[in-house]
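S.K.:
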Amino acid sequence: MSWFLKPTGRRVMKAVAFSGMASGFLMYYLPNSYFTEQYELATQLHKDGIPVRLPKNILPLVEAALNDIDISKAKQSLIFPYIGYGFDIFHAGSTLLSRKCVLGLPISFKYSNFEDFDVTGIVVNNEPVPWSSPEGKSLQQSLILSDDAKKFAIARELVHIDSSEPILKGVFTSSVMCMCYIFASTVNKRLNFYARPRNLRLCFYTLVSCFGYAFWALGNDLTCVSNEASADETVANISETYARGGLEFYEKILQRNIALRSLIKDRGEALYTAFGNDRVLLRTRHMAFSERRDYMKTRLQNYGKCEEVPKISEAVQVPSRGTV
């Protein structure tokens with residue numbers, strides 16, 4: 146008899162299964178609670194070996210966004226902005242966990258016009274950027290945002306921070322693993338799979354695992370897209386100014402991705418579509434930027450003061466191949 150079929154083997158496998166369920170929760174809980182400082186250290190921008198300090202002109206934008214989305218003073222004290230590496234804004238932590246939350250802002254938030262923009266040290270795919278080329282100019286233009294666009298981006302991340310997203314994702318992951326374990330265990334007992342050939346059991350476990358992963362991936366992606374749409378709606382509801390900032394922000398992201406698609410060449414086409422969205426294969430991990438931009442246009446129309454925004458196609462000419 147196989148060791149796995151003996152009482153000791155079954156107890157060990159049960160312990161392994163429950164450890165996996167706990168790990169499914171902790172993989173979301175720990176990075177957003179006890180390990181936020183490590184996350185900050187890993188993503189913080191450094192210059193000459195020293196962390197780049199938060200520019201003075203960014204802190205008022207963070208404070209304004211905190212007040213506009215009505216986060217309590219107690220929760221505000223948990224949020225720490227810093228300058229992160231790369232072009233994107235990101236966060237880690239949740240105010241519901243009552244621990245330190247970090248908000249990573251790109252260094253480009255420091256600039257408001259071309260004259261002050263410092264291109265020193267900015268590389269794409271570990272290569273210097275040809276700033277004089279149409280793509281380079283478009284990239285530089287996409288990185289310069291108005292204060293309204295910056296406030297929208299900051300407020301959007303603050304909405305995510307002031308939510309239970311990491312907890313719900315952890316609970317969902319553990320629940321899916323628990324569901325798969327209970328289903329497999331029940332079938333084993335009722336159909337007496339323990340007496341069947343080992344290869345048959347392995348095929349059964351593989352099918353259950355594949356089904357569980359597909360269910361988890363679908364639920365996780367739907368939840369992520371729903372949370373992003375909800376965050377956009379929450380911030381756009383604050384005022385017309387935020388909705389206009391959101392429209393500019395997503396227009397600039399699409400413009401940036403189009404420029405990066407050309408600058409990174411072959412790999413860029415694998416990362417971005419010709420319209421600036423992230424290229425997807427099977428999973429849709431995030432809401433398309435074009436959809437988020439269109440939502441902001443609709444909100445501005447509802448406010449009744451929608452103005453013409455330059456088309457991203459006017460900023461840089463790109464090949465027409467690719468899909469949205």
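Per the working numbering, the sequence shown starts with residue 146, numbered consecutively.
Don't be surprised by glycine CBs; every beta carbon is placed ideally from N, CA and C.
With a threshold of 6 Å on Cβ separation, who are the neighbours of A298 within its own chain once the five nearest residues in sequence on each side are excluded?
M.R.: Result list for A298: I234 and F394, in chain order.
S.K.: Is the separation between the beta-carbon of I409 and that of L303 shorter than 8 Å?
M.R.: Not in contact: I409 and L303 (Cβ atoms no closer than 8 Å).
S.K.: Helix, strand or coil for H305, going by three-state DSSP, please let me know.
M.R.: Helix.
S.K.: Give me the Cα-Cα distance between K218 and V353, rounded to the nearest whole angstrom.
M.R.: Whole-angstrom Cα-Cα distance: 47 Å.
S.K.: Using a threshold of 8 Å, state whether the C-beta atoms of L284 and V274 are closer than that.
M.R.: Closer than 8 Å, so yes.
S.K.: Checking 8 Å against the spacing of the C-beta atoms, do T318 and G169 come in under that value?
M.R.: Yes, they are a contact pair.
S.K.: Helix, strand or coil for G249, going by three-state DSSP, please let me know.
M.R.: Here G249 sits in strand by DSSP.
S.K.: Can you tell me whether DSSP reads A433 as helix, strand or coil?
M.R.: A433 falls in the coil class under three-state DSSP.
S.K.: Do you know how far the Cα of L171 is from the Cα of A300?
M.R.: Cα to Cα, the separation comes out at about 27 Å.
S.K.: Does DSSP classify V268 as helix, strand or coil?
M.R.: Note: V268 maps to strand in three-state DSSP.
S.K.: For the putative contact between T181 and K220, defined by C-beta atoms under 8 Å, what is the C-beta separation to the nearest angstrom?
M.R.: Their Cβ separation, rounded to whole angstroms, is 14 Å, which puts T181 and K220 out of contact at 8 Å.
S.K.: In terms of DSSP beta bridges, what is P152 paired with?
M.R.: Paired residue(s): none; P152 is not in a bridge.
S.K.: Do C369 and H305 have their beta-carbon atoms positioned less than 8 Å apart in this structure?
M.R.: Contact: no.
S.K.: Name the DSSP bridge partner or partners of G229?
M.R.: BP columns for G229 point to Q189.
S.K.: Excluding the 5 residues preceding and the 5 following T386 in the sequence, name in chain order all residues of the same chain whose CB lies nearer than 6 Å to its CB.
M.R.: Here the set comprises D293.
S.K.: What's the gap between the Cα of K314 and the Cα of A419?
M.R.: Between K314 and A419, the C-alpha separation is close to 32 Å.
S.K.: Could you tell me which whole alpha helix (DSSP H) segments of length 4 or greater appear in the region 305-353?
M.R.: 310-335, all fully within the region 305-353.
S.K.: With 16 as the cutoff for other CB atoms within 10 Å, does R341 come out buried or exposed?
M.R.: By the neighbour-count rule (16 or more Cβ atoms within 10 Å), R341 is not buried but exposed.
S.K.: Would you give the residue range spanned by the alpha helix (DSSP H) that F394 belongs to?
M.R.: E385 to L408 is the span of the alpha helix (DSSP H), which, as asked, contains F394.
S.K.: Who are the Cβ neighbours of R389 in its own chain at under 7 Å, not counting the five residues just before and after it?
M.R.: Contacts found: D293 and L445.
S.K.: Spatial neighbours of Q462 within its chain, please: CB distance less than 8 Å, with the 5 preceding and 5 following residues excluded, ordered by chain position.
M.R.: Only weak support is given to the placement of Q462: the predicted model assigns it a pLDDT of 47, under 50, and the question is left unresolved by the model.
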